[in-house]
Amino acid sequence: MSNHGDPPVNTVSTEALRQAVKQLPSNKKIIHDDFVYADSDDTIQEINEFFNYTEVAGYSEYRDIFQERISEGWDTLSLREKKSYIQYLLNDLEQSSAIARLDAGKQILYIAQGNFGDLESFDYAGNDVEQHMQKIKENNSLLQQSGALPVVYSALRKACEEHNSRHLGNMHDVNNEIEIFLTILFMLIETLRHDDNLATDLDNLDPPLIVFLFGVISQLREKNLKMFPVKKLLLVVWKTMLVSFGGREEIERTHNVIRQYFSLPEVKIQDTITRSTPLDLHAFSQEIVTKYPTYTLPPFPGHVQRPELIKPSPALQTLLTASHGSSPNPPSLIATAKAQGNVGKPGTCPQQTKRVNGFSQNGHREPLVLPFSSWDMDVPRSIQEAGEMYTEHMYVSLATLQILRERERGIKMWPMQDDENGYEFIVRASQHLMSSQASEIEEPFSSPEMIDAFRRLSMVESLYKAIVPNLQNIIIVLLKLLLATVTPYNGANPNVNGHSNGNETSQEKMNNTSEVNHTMKAHDIEEANNKRNREITSKAVSGILLLLLQWTKLSHVLKFENVSQLLVDSGCLLLILKILGLQDMAATLQEQSEGQEYSFMNYWSRERRKAHHTSEVSTAPLPEIHNQKLRQTNWRNMFWSINFLRILQKLTKRKTHRIMLLVQYKSSAILKRLLKVSHPMLELYTLKVLKSQIPYLGRKWRSSNMRIITAIYLTCRPALREEWMTGLESESDIEESAMQESNLRALIKAYHTRRYLPTIPSIHQRQDIPPSALSNQIHDAAALSSTVTVGILAEEQPSEDIELDAEFMNNYEQWLEDEVYSVPTSPELPPTDALGSLTSPPMVSPALSDSPIHQFYRSEQNKAKTTQQVSDLYHNQLQIEFNLHHWKPPGDSWDAPQRFLHSYAINPDEIDIDEDIDLTKGDPLANIDWSTLSEEDLRERLFKVERQTIQRRLRTDDESEFKLLNTLDHLTIENEEWD
Amino acid sequence: MTTAVEESTTTTSNTPLRRLYPGSHVEDTFQWPTLALDDIESSFSVQEYLQQLLREDYTDIQRLIDLPEGIDAEIWQYEHLRQLCSQLNYLIPSLDSECTVDSCPEMKADGWLYLCAAHPVTKSCPAIDYIVHTLDGATMLLNNSKYFPSRISIPEPSLKHLQAIARRLYRIFAHAYFHHREAFEFFENETCLHSRFVRLSKKYSLIPKSLLIIPRSTDGDEPSSNSPTSESPAILSRRSSTSTVQEIPDDTDTSTIGAEDAGDEDQGSEPADRVDDE
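The listed protein sequences derive, respectively, from chains V and L.
For the first sequence, my numbering gives the first residue as -5, with consecutive numbering after it.
For the second sequence, my numbering gives the first residue as 967, with consecutive numbering after it.
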């Protein structure tokens, strides 16, 4: 830079310099303290977001239609007249003519939108957007009182049905209809979200709205998504979930109610300093017991049985761990990473082999005797204190309880009861109580909070029941939609950045000129619209997923595990990381969307004013109050960022296997970048996810990222026993994590088979997604690719699997031979239900299984064989029974086991073989004309039946039944002194 | 045999039980004395009272729909609708012979074509099916304890169901009137059900007037004033011109909305009975 001709530097005024600096992109970190995380944005914003910029102007058509019909202002009509007209329109909605329905729908929509075109009813002195909002609320309230919800809902159902059945032809009309009805529903639900009447109405719909909407989502998989109003659908689903189930407050309340129901103490999040879980306690006790065998744990709330007391039978154990071959301790379910696996295995505790100076290498086996330490019961006081601390801060999560129960159920083979989530029963019982107006009976279930909680949970249950066969599809659709929001970013990324940095100034510039000149080119509007839509879709999907996870967890943890497993298997982790990683989050969270004057409320406000002040030049500036410009934070982006982080954390919490996936995807870099944004909640969740990965990131990373570690210490609530700093990755972790995962899947499968089997067509017939074998995921580095392909995460390594298969195949047959087709001697036989669920290897998510194991399992040959064997068994018995003259007692009856213990011994001569009882000849009862049989005939038949029944009972091969049939004849009194 | 009707179960009360005893003859049934509403001691007192009124004179519609003292308007509407559903069943056998899948493949009522809402997805049922489904659906809804748990009060969210039920039941009358006139007339002579229903709906705003497409001159009791009858042929002419619903010219409609109220005010014979449910 030559300074020859330039004026000397000191003539540049400081003012000019300051201005110049301001123009530069600001490096200052913006503190997003104007963002408060909530269930949803404020209503006006939500309504604005629902409508595309490009379609806002189109609603003038609806206004015109409406104003043709009602030439007097809507607001001048009396309440009765309004209701009357609404009912007239609702009547039209039940017409079979699509034109009539469309017409009525448009008018109802106009009403729901607050009849924005009625110029006279607005007072332009004040804020007319607020007034508009007021009218929207009133109108929607009126609509709801007139019973619009059920009628619009059935019209929507019909439209969707038509959409399904029409593959070609004019989809435009049908899509238009669907869009209109969805919009009406959205307006109703969003404005009346906090109204109890609406909630009741929603509950009474049949099928429940949320079930239907999820059904539509799952059908979207096969359809062409182009013209379908997907964004609107997602927004409606999200809002419906918020109403039907509830938001954060309701989750907390319901959580406490359920804990109360299961006699667990309430949870107060703010008060807890630290927590320990029963598994921690168990691990601790195991460790200590090796050193101090006399140590007993202090008593702790007894409703949680110690996991180790419920041991599976050897057969079951082998089954569960067949493919791993490692000896299971009480199978780690949600085990903390290392403590469980390393206990009792000498030499595998790296941290313990490094000893403090002066003590032996194997000193962990011997008690450490320190001078002046007090001992109680041969155990140092410090150990006892530790035990006490564990029990004091014990937090038994509902999840733990549920999993333990499920495990117990499987092991002890409790009879199939469909009970414990008997929320349905309780809801009905409580409704009955309320309706019969029982006077103050002290029922434990009649408190309103309980009833409310159970109502919500029964809603969750009914939703889950209905969607569980389609869950795979639904998740794929949702993730695909998310993917669609990401991919444009790849190319447009630099543009986005460039825009956002200069965004604030350009926005201001635009606003200054906007009053006068609204020429935003159509192309720009569309672009801004598309960008905004992507953000809105992300927001909706993140809301849906988070709510789904949260509520299924409340209902039963295994539902939650199922959903999260499907998500993980479909590649959700990677997708979320991509979303968070491929854009400059700091910028994204700050940027404002352009074109806000084209949002619904603003546009119509402006149009109204234009029409109102046709000649005057308005001196007051157009109120752009609901412009996002005034906010620093982009609410939408912040919302979904936090949601995705929360989802990530929920999916990977305490699941070593998944955490290792995260490590593999190099998520730490992405998360580090996220930390640059300064918002407490965002930071908290980022740090939580990072914290779980730290043991696997290596020393180097730790030493170079001490800042993050400090931040974690400061922000995250510690567990009582924190291993994340001390532990390091070890080989046993990987095995253990795989085992953990497979146990979990077995449990999930058992649970779902028990409860939902009749509704699932066939768990094993899904061939949608190529499998993601567990162990391969960890070892296969090729899983990392820069393109996101949902569902294909790892290449199958067939060789490894085949080996497993062969081994398992042998086991399977052998096991079947031993345990099913011979006499069962032990009561610990694993239950064989219809699908023999426990006989299949619990390695892979059943829905995704396509591996050789399952192919074998599904093969016709196998099925036929099994069926054949069963039927042979049956026929054998029949043969024995009815072909008695062929049967000879084995050997001399004196030596042979006493099979006939009573004088009911069969005299073969007495049997009339000629009678038509031989089943091979067909139904013995077929040709009998009952009316003509004489009394003697009947009596004889009766006797025959009676005799043969007794004989059949006595002739049983089952030795266990001898106990029932034996008389006391064979018992002798041994003690001769007994008189 | 007549003594079978009268029986007292307790020594303290002498009122005969208002029951039908097995084995009684038709002539002897319902012979118990007339009681005022308050005197009926039963959990279904309103229903019994209504039925008593009907037995006394089923043609005196005004008396029938008058709200008795001490009863909520909603309960009265509810009981009337129940009674209506019960009586409307008698229309079906007479329609059954005429209204077949071939004769009326769709539920038409003079230009309006309706979809049957009793299915998971609304479908276009033949008229006789539509009538049966709707009537059954309405009956089940009225009997459903989730929506109508008690006979003494109706929860607020269930009120809109009354209007939906009335709207749908009206279509049955409409179809019968326009397509099976003789059956309709015969039935109407027997029971005066239609006029009762229309007067009830008008009084309690169950159905918007623009939907009452059957010309009101069929109401025996009502003095037909100009505006209602001028309004209904207007609607009729619009409807019958095409088979699908077309846009309603706004002047007629606004005039009907304005005129209806004005027209109703003219019926000075019953000003006191207008129940304003606003």
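Just so you know, even glycine gets a beta-carbon here, dropped at the ideal spot from N, CA and C.
Check, Outcome
"I want to see whether chain V comes within less than 8 Å of His1099 of chain L, judged by CB atoms only; does it?", "no"
"On a Cα-Cα basis, can you pick out the residue from V:Ala605, V:His606, V:Arg640 and V:Tyr592 that is closest to Ser558 of chain V?", "V:Arg640"
"Roughly how many angstroms lie between the CA atoms of Asp167 of chain V and Ile105 of chain V, to the nearest whole one?", "21 Å"
"Hey, Leu275 of chain V and Thr385 of chain V are a contact pair by Cβ (cut 8 Å); roughly how many whole angstroms apart?", "7 Å"
"Buried or exposed: which applies to Gly692 of chain V, given that a residue is buried once 16 or more other Cβ atoms fall within 10 Å of its Cβ?", "exposed"
"State buried or exposed for Tyr79 of chain V, treating a residue as buried only when at least 16 other CB atoms are found within 10 Å of its CB.", "buried"
"So Asp33 of chain V and Arg602 of chain V are supposed to be a Cβ contact under 8 Å. How far apart are they, rounded?", "The Cβ separation is near 31 Å, so there is no contact."
"With 7 Å as the limit, tell me which residues of the region 122 to 147 of chain V have their beta carbon closer than that to any beta carbon of chain L; keep them in chain order.", "Gln139, Ser140 and Gly141"
"For Cys1082 of chain L, name the three-state secondary structure that DSSP assigns.", "strand"
"Please check the pair Lys233 of chain V and Glu184 of chain V, which I expect to be a contact at CB under 8 Å, by giving their CB distance rounded to whole angstroms.", "6 Å"
"Which partner residues of Ser672 of chain V appear in the DSSP bridge assignment?", "V:Ile25"
"So with Cβ pairs under 8 Å, would you call Gln1013 of chain L a contact of chain V?", "no"
"Which chain L residues sit within Cβ distance under 9 Å of Lys152 of chain V?", "Leu1081, Val1087, Thr1088 and Lys1089"
"According to a CB-to-CB cut-off of less than 8 Å, which residues of the region 175 to 205 of chain V neighbour chain L?", "Asn191, Thr194, Asp195, Asn198 and Pro201"
"For Ile1138 of chain L versus Leu1101 of chain L, is the C-beta distance shorter than 8 Å?", "yes"
"Would you give the residue range spanned by the beta strand (DSSP E) that Lys1074 of chain L belongs to?", "Met1073 to Ala1075"
"Under a CB-based cut-off of 8 Å, is Asn464 of chain V close to chain L?", "no"
"Give me the DSSP bridge partner(s) of Arg269 of chain V.", "V:Ala713"
"Note down, in chain order, every chain L residue with its Cβ under 7 Å from the Cβ of Arg450 of chain V.", "In chain order: nothing, as chain L lies at least about 17 Å away."
"If we cut at 8 Å on Cβ distances, does Gln89 of chain V have a partner in chain L?", "yes"
"With a threshold of 8 Å between beta-carbons, can Val1147 of chain L be considered close to chain V, or not?", "It should be pointed out that residue 1147 of chain L corresponds to Arg in this sequence rather than to Val. No, because no Cβ of chain V sits closer than 8 Å to the Cβ of Arg1147 of chain L."
"I'd like to know whether the C-beta of Thr312 of chain V is nearer than 8 Å to at least one C-beta of chain L.", "Any reading at Thr312 of chain V needs caution, since the residue's pLDDT is 42, under 50, leaving its predicted position unreliable; the model's value is listed next. With 8 Å as the cut-off, Thr312 of chain V does not count as an interface residue toward chain L."
"Do Ile204 of chain V and Val471 of chain V have their CB atoms nearer than 8 Å?", "no"
"The alpha helix (DSSP H) spanning Ala1149 of chain L covers which residue range?", "Arg1147 to Thr1157"
"Give a yes or no on whether 8 Å exceeds the smallest Cβ distance from Asn85 of chain V to chain L.", "yes"
"Apart from the five residues on each side of it in sequence, which residues of its chain come closer than 6 Å, Cβ to Cβ, to Ala14 of chain V?", "none"
"Since Met388 of chain V sits in a beta bridge, which residues does DSSP pair it with?", "V:Ser270"
"Compute the Euclidean distance between the alpha carbons of Tyr987 of chain L and Glu993 of chain L, then round it to the nearest angstrom.", "13 Å"
"Cβ of Gln643 of chain V less than 8 Å from any chain L Cβ?", "no"
"Residues in its own chain within less than 6 Å of Ser1046 of chain L by CB, not counting five upstream and five downstream?", "The sequence given here has His at residue 1046 of chain L, not Ser. Hits under 6 Å: Leu1166."
"Look at the alpha carbon of Asp112 of chain V and the alpha carbon of Gln101 of chain V, and state the distance between them as a whole number of angstroms.", "14 Å"
"Quick one: using the 10 Å Cβ neighbour count with 16 as the cut-off for buried, is Ser90 of chain V buried or exposed?", "buried"
"Is any beta-carbon of chain L found at less than 8 Å from that of Gln81 of chain V?", "yes"
"Output needed in chain order: residues of the region 1035 to 1067 of chain L with a Cβ under 9 Å from some Cβ in chain V.", "none"
"Buried or exposed: Pro272 of chain V, going by 16 or more other Cβ atoms within 10 Å of its Cβ?", "buried"
"Quick one: is His1141 of chain L near chain V, going by C-beta distance under 8 Å?", "no"
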